[in-house]
Amino acid sequence: MQRYENFTICRNIRTFVVDMKRILVSSLILNIVVFVYPQLERYSTAWFGPNAFPVPELSDATIPVSTTFDITADYYFGFGDKTKNGYFRIEIPLLSEKVAFKLWSGFLEKYELSPELAALRAVETNQIKGKANSDIYVQTRILLKKETAIWPSLILNSTLKTTSGTANFAKRYYNTSGYYFDVEAGKSFQLTTFFSDYIRFAGTAGFLCWETDNYTQNEGPMYGLKIKTGKNKLDWEAGIRGYTGWMSSHPAYGADYGDRPVVGFTKLVYTTKKLNYYIQYQQGFRDFPYHQLRLGIQFTSKKLTPTYK
Numbered sequence: 008m009q010r011y012e013n014f015t016i017c018r019n020i021r022t023f024v025v026d027m028k029r030i031l032v033s034s035l036i037l038n039i040v041v042f043v044y045p046q047l048e049r050y051s052t053a054w055f056g057p058n059a060f061p062v063p064e065l066s067d068a069t070i071p072v073s074t075t076f077d078i079t080a081d082y083y084f085g086f087g088d089k090t091k092n093g094y095f096r097i098e099i100p101l102l103s104e105k106v107a108f109k110l111w112s113g114f115l116e117k118y119e120l121s122p123e124l125a126a127l128r129a130v131e132t133n134q135i136k137g138k139a140n141s142d143i144y145v146q147t148r149i150l151l152k153k154e155t156a157i158w159p160s161l162i163l164n165s166t167l168k169t170t171s172g173t174a175n176f177a178k179r180y181y182n183t184s185g186y187y188f189d190v191e192a193g194k195s196f197q198l199t200t201f202f203s204d205y206i207r208f209a210g211t212a213g214f215l216c217w218e219t220d221n222y223t224q225n226e227g228p229m230y231g232l233k234i235k236t237g238k239n240k241l242d243w244e245a246g247i248r249g250y251t252g253w254m255s256s257h258p259a260y261g262a263d264y265g266d267r268p269v270v271g272f273t274k275l276v277y278t279t280k281k282l283n284y285y286i287q288y289q290q291g292f293r294d295f296p297y298h299q300l301r302l303g304i305q306f307t308s309k310k311l312t313p314t315y316k
C-alpha cells in the first residue's frame with residue numbers, strides 16, 4: 008500500500024513538471040511573438056499617415072487672454088501619399104495668461120496612396136483611397152514663470168492623444184494611446200528697424216510616449232526651436248521640431264523603423280482687427296515623408312472666455 012502511494016505521488020509530480028514545462032514553453036513562444044510583431048507593424052511617422060502622431064507644434068510660449076480658435080485646411084503631398092483634411096484647435100484660458108485648456112483634432116480626412124507606397128506599407132489595394140477620422144488631443148497648460156526683462160516665460164504642457172482615429176487598416180492612425188509632457192520657454196526683444204518691431208525666440212523640451220501594439224511602448228525626448236519677428240500687420244516665424252523614439256536603435260526592430268521624425272516649418276501671418284490669416288509650409292527632414300501646406304484663420308472670443316466673480 009505504501010509503495011502504491013509513493014508511486015502515485017511520483018506520477019503526479021512528473022505530470023506537474025511536464026505541465027509546467029508546457030506552460031513555460033507556450034509563454035516563451037507567446038512572448039517572442041509579442042516582441043516581434045511590433046517590428047512587422049511599424050507604429051511610426053515614417054510608415055503611417057501624416058496625422059497619425061505628428062511632431063507636436065510649438066507655440067510662442069504664451070497663454071492667451073481670451074479663448075482662441077484656429078481653423079485650417081491642410082494638404083500633404085509627396086512620396087506617394089496625398090492627404091487633405093481640415094483641422095481645428097481651441098484654447099480656453101481658465102486663468103487669463105496663467106492656465107489654459109487646449110483641444111485640437113483633424114477632420115474630414117481624405118487620402119490616396121500610390122500603388123508602390125501601398126505595397127510598401129502592406130495596405131490592401133481596395134484601401135489605398137478613402138476617408139478617415141482623426142485622433143483628438145487634449146492638453147493642459149500652466150504658466151510656471153512669467154516673462155521678465157531678463158528671464159523667459161516658462162510653460163508646462165501635459166498632453167494626451169486619444170484613440171479616436173480610424174482606418175488603421177490603411178495605416179492612417181495607430182489606434183493606440185499616447186501622451187507627452189514638455190516645457191516651453193519664450194523671450195521677446197524689442198527692435199526699432201525698418202523690417203521688424205520685435206524678435207522672439209521660443210523652444211521646447213520634453214518627453215513623448217506612445218503604445219505600438221501588444222502593450223509595447225515607444226518613447227523618447229521631444230524638442231523644438233523657433234524664431235518669430237514682425238512689423239505692423241505681418242508676422243513671420245520659422246523653426247524646427249522633432250522627437251526621437253528608441254525602437255529604430257534596437258536591433259530587433261531595425262534602423263528603418265522610422266520613429267525619429269524631424270520637420271522644419273515657416274509661417275506667415277497677416278493680422279486684422281477680427282481675424283488673423285496665415286499660411287504655413289512644413290517639410291519633413293527625417294522619418295516624416297511629407298510636405299505640408301496649411302491655410303488657416305484665427306480669431307478670439309471674449310464671450311467664450313471663463314470669468315470668475
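Heads up: take any position in the sequence shown, counting from 1, add 7, and you land on our numbering. Glycine included, every Cβ here is placed at the ideal spot set by N, Cα and C.
For W253, the CB contacts under 6 Å within the same chain, skipping 5 residues up- and downstream, are G227 in chain order. The closest CA to that of W111, considering only Q224, M229, F60 and L215, is found on F60.
For L167, the enclosing beta strand (DSSP E) covers residues S160 to K168. Nearest to F306 by C-alpha distance, out of H298, G213, V276 and T314, is V276. The distance from the Cβ of G237 to that of Y205 is about 7 Å, consistent with a contact at the 8 Å cut-off. Remark: C-beta atoms of T173 and Y180 approach each other more closely than 8 Å. Here the alpha carbons of A53 and L115 stand approximately 22 Å from one another. Below 8 Å, too few C-beta pairs join the segment 125 to 137 and the segment 149 to 158 to call them touching: fewer than three.
By the criterion of a C-beta distance shorter than 6 Å, G291 is surrounded in its chain by V270 and Y297, once the five residues flanking it on both sides are discounted. In the three-state reduction of the DSSP assignment, Y264 falls in the helix class, which pools H, G and I. G193 is the residue among Y315, S165, Q287 and G193 whose C-alpha sits nearest the C-alpha of A209.
In terms of Cα proximity to T278, the closest of G261, Y264 and L241 is L241. Apart from sequence neighbours up to five positions away, the residues of its chain that approach Q197 with a beta-carbon distance below 6 Å are Y205, ordered along the chain. Contact between V190 and I162 holds, with the beta-carbon distance rounding to 7 Å and staying under 8 Å. Within its own chain, the residues whose Cβ lies closer than 6 Å to the Cβ of F188, once the five positions on either side in sequence are excluded, are S165, G213 and F214, listed in chain order. CA-to-CA, the gap between E98 and Y83 works out to about 25 Å. Shortest Cα-Cα distance from N239 to any of P159, A68, F202 and I135 involves F202. From the listed residues T312, F295 and I304, the smallest Cα separation to G85 is found for F295.
According to the DSSP secondary-structure assignment, N92 is paired through a beta bridge with D81. D220 is positioned such that its CB atom lies no closer than 8 Å to that of S51. A139 and K178 have their C-alpha atoms spaced approximately 10 Å apart. Here DSSP, grouped into helix, strand and coil, assigns A68 to coil. In this structure, N92 sits away from D77, with a CB-CB distance that is not shorter than 8 Å. The C-alpha of R248 is placed about 27 Å away from the C-alpha of A125.
Apart from sequence neighbours up to five positions away, the residues of its chain that approach D67 with a beta-carbon distance below 8 Å are G193, R207, A209 and K235, ordered along the chain.
In the three-state reduction of the DSSP assignment, N225 falls in the strand class. With a threshold of 16 other beta carbon atoms within 10 Å, A107 meets it and is buried.
Straight through space, the alpha carbons of N175 and N58 are spaced by roughly 12 Å. Looking at the DSSP output, I304 shares a beta bridge with I78 and Y284. If you ignore the 5 residues before and after S184, its C-beta comes within less than 8 Å of the C-beta of L167, K168, T169, T170, W217 and E218, all in its own chain and listed in chain order.
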